[in-house]
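*Asks:*
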Amino acid sequence: MRDVERLLRLVEKPGRYVGGEYNAVKKDWEKVKVRVAFAFPDVYEVGMSHLGLQILYAIVNGRPDALMERVFAPWPDMEALLRAERIPLFSLESRRALSDFDILAFTLQYELTYTNVLNMMELGGVSPLAAERRESEPLVIGGGPCAFNPEPLAAFFDLFVLGEGEEVVHELLDAYIRARQEGKGRQEFLREAAAIDGVYVPSFYEVRYQEDGRIASVRPLYPGIPEKVTKRVVANLDGAPFPVRPVIPWVEAVHDRGMIEIFRGCSRGCRFCQAGIIYRPVREKSLERLLVQGRELAKNTGYEEISLTSLSSVDYSRLLPLVDGLIETFTPDKVSISLPSLRADAFAVEIARRLQEVRKGTLTFAPEAGTQRLRNVINKRVTREELLRAVEAAFASGWLRVKLYFMVGLPTETEEDLDGIAALAGDVLRVGEECGVPKGKLRVTVSVACFVPKAHTPFQWEPQVPRAVLAEKIRYLKRRLKDRRIDFDWHDPEMSMLEAVFARGDRRLGAVLLGAWRRGCRFDGWREHFSLARWLEAFAEAGLQPEDYAQRRYAYGEVLPWDHIDVGVSREFLIEEHQRAYRGEITPDCRWEKCMACGVCPAFGVAPVLAEEDGLVSLPDHLS
Amino acid sequence: MFRYRITFRKEGPARWIGHLDLVRLFEQACRRAGLPLAYSEGFNPRSRLVFAAPLPVGVAGLRELVDAYLRVPVAPELVQARLGPVLPEGLTLVRVKRVPREEANLMAAVRRAAYRAEGRPAAGLCEAALTEAVQRVLQAGEIKSVRQGKKGPKERDIRPGIFALDASLEEGKIVVTMLVQAGQEGNVRPEEVTATLWRLGLLPGAPEDFDYYRTGLYTVAGDRTVSLG
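Quick mapping for you: the protein sequence lines, in order, are chains A and B. If you read the first sequence in full-length UniProt numbering, its first letter stands for residue 1, the second for the next number, and so on. If you read the second sequence in full-length UniProt numbering, its first letter stands for residue 1, the second for the next number, and so on.
This is the structure in structure tokens:
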């Protein structure tokens, strides 16, 4: 495409659009039976940091009968040129329009990428509304964490895949190829696909509303369509394929490093956390496998940093031998190992010290709330003393900067909890002084997110605090954090409100999305592009109020928009957790203490898997 | 430490990569090749790769240069054999040779760069008009060029930085070749020269109608221009 080459001269970071990266796979279109475009609805540097993309890319391209190519949201400079020159949005590998593919697969990582999803479809020559899509257009599918409440996107997708993709992607592609060979159309294929575990076809369900706008019922329209769609879980994660030859981005990615996933799931049970519920149960990979994968990844990528990823990496049972084993091979090439997040305890600091993270300067902890009372409410099991001991160990080992993550607007929060955040930051500074951190070098960053209630969590019924109140809380904190050694940053309350709307919203929001996108909303997760005014116009046009979704307390008895999506964790468990939160009661971790019968293991016939000294073990029944 | 001069091409998709990304990608490739790169001492060790001169994004390089410093000696053929296959698309090795460690720093040595620009001619453009345009550029006492700097637009005279210029019609294409100032001072960009050629020659066209190639990097010894490759 000579035309594309011309555009490349005119855009910022043209490397975002050229493809041909090291380890990229370019297959012959004529030699495969199905062609999939993996679409990441954000800019290249964000999408190329995403492990899920690399996993699916390796799996699909590993099949002789299929190919997968990548496409990212074009930055507004490129979008303007594509529109002006009437060039359709194209894949990186073969520079073909999205409309040329059989399947267009979006990963849904974040609510504020939804307008980019619609925009990419239209730019790629694909009708955004599923009902208007012709037989010749691609099948549009979605997956990722936001697919666990897919309802706001129901009008735009042919189907959603719920949960882990390693196995279901094969079942789906096999079904697609078979249906094609038998000459079946889209509707017939969708009927067959709906029978695959984990596949949700939104057009096969009818949603009825009550007069007040709450949902009356969600029912399948046809016999044989399941009442509830269950998520997919890979029982044997250790044996699952893992990409040790990931595509290496041309343009430096947000997280520019190799990733080894050391386990999936987290049973710490923070009550606001959606990932902690939807990826249950915990499944650790074996030490031996991880050592091999880590070495291969380093060799095949040349990355300077290998990250041991998971939801809570310090919890991996055999972290010390893993770290030691990898360090041994990596040292001569100056390859370093990193952990994405740290637990607030001295063990975590010791591990970080071994990883020589000191040279990076900042150590991050997430106490999430400012007082013990509120930490108990959210089941974040870290005490002030533990945190300060960890911080002390960090300063003593040479760190100069500590970053603390908190949330504001959590259920039951009072002014005292906000004061607690300021007090904790002050305590950390004091420990730093006591440890002799040189004056002028000591820094504490306080980073604050606004609480967003998420589907499938114990806080799914909770209202979000009005955005004006969130803004006031942030201003209050800002006044309390005047010390010049403290950097304070926060997440935008207006954006957080929209996140809450789409995290807990229903199908009626499709009209809002369409309206917002038509008004020019793009890259809503980027502060420089976000415009609440346009969104509010779109809500008004659709006759809906964002507050009705974000700020309404949902009742235990009402039908939730995502009730027909089954993640295995029982509703009873979530209600009990919600009530324990209000009583300030801690829930034990099923890995080490006691099974609390969340329901996920019996629902999928799986069990938590831990990497013990003599190999992988499933947790014994007596915990149940 | 052992010093190697690597001559490589940067074209295809790789020509759209900025300099900092190129450095990072080269470093990764050296690690994949298992080359024993030397690292700087200190808090944040960096690999010892010294590039001759950043190539503007979009310009293809046919004889780009980087000096790699290794901890142990490796035969140049072996460096080439191991590094060649692990480079990303568009980066290819031309040659690898040993250079004495004490020779001048590569980046500091660069004084001149040769470029070629190729484009489609406007209808009716003849060789004579091109020659005339070249003469006007070479005879100009001063050529003002405006560049966007960090503190806003900045005007400077690029004429002293143009050492040779030629333009001709070859197989239906305009081919412009030039030798210009490069390195740490007085750097002249190829599109500044083509823009001037068009402006002074009163020819229709724009600098973005061209494909650009950097064809060589040189140092200056006395009054001689000497290739660094």
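Here a beta-carbon is modelled for each residue, glycine too, at the ideal position from N, C-alpha and C.
For A366 (chain A) versus L311 (chain A), is the C-beta spacing smaller than 8 Å?
*Replies:* The answer is no: Cβ separation not under 8 Å.
*Asks:* In whole angstroms, what is the alpha-carbon distance linking R271 (chain A) and D158 (chain A)?
*Replies:* Rounded to the nearest angstrom, the two C-alpha atoms are 32 Å apart.
*Asks:* For residue 630 (chain A) and K380 (chain A), I'd like the C-alpha separation in whole angstroms.
*Replies:* Outside the displayed range of chain A (1 to 624) lies residue 630 (chain A), so it cannot be described from this structure.
*Asks:* Exposed or buried, L20 (chain B), counting other C-beta atoms within 10 Å across all chains shown (16 or more means buried)?
*Replies:* Counting Cβ neighbours within 10 Å, L20 (chain B) comes out exposed, since fewer than 16 surround it.
*Asks:* Does DSSP put E170 (chain B) in a helix, a strand or coil?
*Replies:* E170 (chain B): strand per DSSP, three-state reduction.
*Asks:* Between Y39 (chain B) and the rest of its own chain, which residues show a CB-CB distance below 6 Å, the 5 nearest in sequence each way excluded?
*Replies:* These residues qualify, in order along the chain: P45, S47.
*Asks:* Of all the residues that make up the segment 167-199 of chain B, which are near chain A by a beta-carbon distance shorter than 8 Å?
*Replies:* Listed by position, the residues of the segment 167-199 of chain B near chain A (Cβ gap below 8 Å) amount to none.
*Asks:* Would you report the Cα separation of F406 (chain A) and L387 (chain A), rounded to the nearest angstrom?
*Replies:* If you take the alpha carbons of F406 (chain A) and L387 (chain A), they lie about 13 Å apart.
*Asks:* List, in chain order, every chain B residue whose beta-carbon is nearer than 7 Å to that of E21 (chain A).
*Replies:* Going along chain B in sequence order, the residues near E21 (chain A) (Cβ under 7 Å) are P88.
*Asks:* Would A105 (chain A) and I141 (chain A) be called neighbours here (beta carbons separated by less than 8 Å)?
*Replies:* Yes, the Cβ-Cβ distance between A105 (chain A) and I141 (chain A) is below 8 Å.
*Asks:* Looking only at C-alpha atoms, which of A:G584, A:A603, A:P608, A:S313 sits nearest to K594 (chain A)?
*Replies:* The shortest Cα separation from K594 (chain A) among A:G584, A:A603, A:P608, A:S313 belongs to A:P608.
*Asks:* Enumerated in chain order, which unbroken segments of the alpha helix (DSSP H) with a length of 4 residues or greater are wholly contained in the segment 250-284 of chain A?
*Replies:* Segments of the alpha helix (DSSP H) lying fully in the segment 250-284 of chain A: 275-278.
*Asks:* Contact between the segment 160-174 of chain A and the segment 225-237 of chain A: three or more CB pairs below 8 Å?
*Replies:* Yes: the two stretches touch, three or more of their Cβ pairs being nearer than 8 Å.
*Asks:* In chain order, what are the residue ranges of uninterrupted beta strand (DSSP E) at least 3 long that sit wholly in the segment 96-158 of chain A?
*Replies:* Taking only runs of at least 3 residues, the beta strand (DSSP E) segments lying wholly in the segment 96-158 of chain A are 103-107, 139-143.
*Asks:* Taking L355 (chain A) as the reference, give the member of A:E558, A:L319, A:I378, A:R384 with the closest Cα.
*Replies:* Minimum Cα distance to L355 (chain A) is reached at A:L319.
*Asks:* Can V199 (chain A) and L172 (chain A) be called in contact, C-beta distance under 8 Å?
*Replies:* Contact: yes.
*Asks:* As a quick exercise: from B:Y4, B:V94, B:L55, B:R63, pick the residue whose alpha carbon is nearest that of S227 (chain B).
*Replies:* Nearest of B:Y4, B:V94, B:L55, B:R63 to S227 (chain B), Cα basis: B:R63.
*Asks:* Suppose you measure from the CA of R552 (chain A) to the CA of A500 (chain A); what does that come to, to the nearest Å?
*Replies:* Whole-angstrom Cα-Cα distance: 11 Å.
*Asks:* Closer than 8 Å, CB to CB, is E79 (chain A) near chain B or not?
*Replies:* No, E79 (chain A) lies away from the interface with chain B (no Cβ there is under 8 Å from its Cβ).
*Asks:* On the CB-based measure, 16 or more other CB atoms within 10 Å of its CB, does W592 (chain A) come out buried or exposed?
*Replies:* With fewer than 16 Cβ atoms within 10 Å of its Cβ, W592 (chain A) is classed as exposed.
*Asks:* Taking just the CA atoms, how far does A108 (chain B) sit from P76 (chain B)?
*Replies:* Going by the C-alpha atoms only, they are around 23 Å apart.
*Asks:* Exposed or buried, P133 (chain B), counting other C-beta atoms within 10 Å across all chains shown (16 or more means buried)?
*Replies:* For clarity, residue 133 (chain B) is Ala in the given sequence; the question names Pro instead. A133 (chain B) should be labelled buried.
*Asks:* In chain A, which residues lie with their C-beta within 9 Å of the C-beta of I6 (chain B)?
*Replies:* Under the 9 Å cutoff, chain A gives no residues; its nearest Cβ is about 16 Å from I6 (chain B).
*Asks:* Could you give the DSSP three-state label for G615 (chain A): helix, strand or coil?
*Replies:* Here G615 (chain A) sits in strand by DSSP.
*Asks:* Run the CB neighbour count on G258 (chain A), radius 10 Å, all protein chains shown included, and call it buried at 16 or more, exposed below.
*Replies:* Buried, since its Cβ has 16 or more Cβ neighbours within 10 Å.
*Asks:* Counting only runs that start and end within the segment 108-173 of chain B, where is the alpha helix (DSSP H) found for 4 or more residues in a row?
*Replies:* Listed in chain order, the complete alpha helix (DSSP H) runs (minimum 4 residues) inside the segment 108-173 of chain B are 127-139.
*Asks:* Based on Cα-Cα distance, which residue from B:Q184, B:D223, B:D209 lies nearest to L55 (chain B)?
*Replies:* Looking at the Cα atoms, B:Q184 is the closest of the given residues.
*Asks:* Run the CB neighbour count on residue 235 (chain B), radius 10 Å, all protein chains shown included, and call it buried at 16 or more, exposed below.
*Replies:* This structure cannot speak to residue 235 (chain B), because chain B is shown only from 1 to 229.
*Asks:* Distance, Cα to Cα, A216 (chain A) vs V559 (chain A)?
*Replies:* Roughly 7 Å between the two C-alpha positions.
*Asks:* In terms of DSSP beta bridges, what is A37 (chain A) paired with?
*Replies:* For A37 (chain A), which the question treats as bridged, DSSP gives the partners A:E69, A:L104.
*Asks:* Compare the C-alpha of G15 (chain A) against each of A:F72, A:K26, A:V34, A:K33 and name the closest.
*Replies:* The option with the nearest alpha carbon to G15 (chain A) is A:F72.
*Asks:* For V314 (chain A) and R343 (chain A), what's the separation of their Cα atoms in angstroms?
*Replies:* Near 7 Å, if we compare the C-alpha coordinates of R343 (chain A) and V314 (chain A).
*Asks:* Using the Cα positions of I174 (chain B) and R224 (chain B), report the straight-line distance between them to the nearest angstrom.
*Replies:* I174 (chain B) and R224 (chain B): Cα-Cα distance of roughly 29 Å.
*Asks:* Could you tell me which residues DSSP pairs with R95 (chain B) in its beta bridges?
*Replies:* B:T7, per the DSSP bridge assignment.
*Asks:* Is it true that the CB of I421 (chain A) sits closer than 8 Å to the CB of V382 (chain A)?
*Replies:* No, the pair does not count as a contact, with Cβ atoms beyond the cut-off.
*Asks:* Between W250 (chain A) and chain B, is any beta-carbon pair separated by less than 8 Å?
*Replies:* So yes, W250 (chain A) belongs to the interface.
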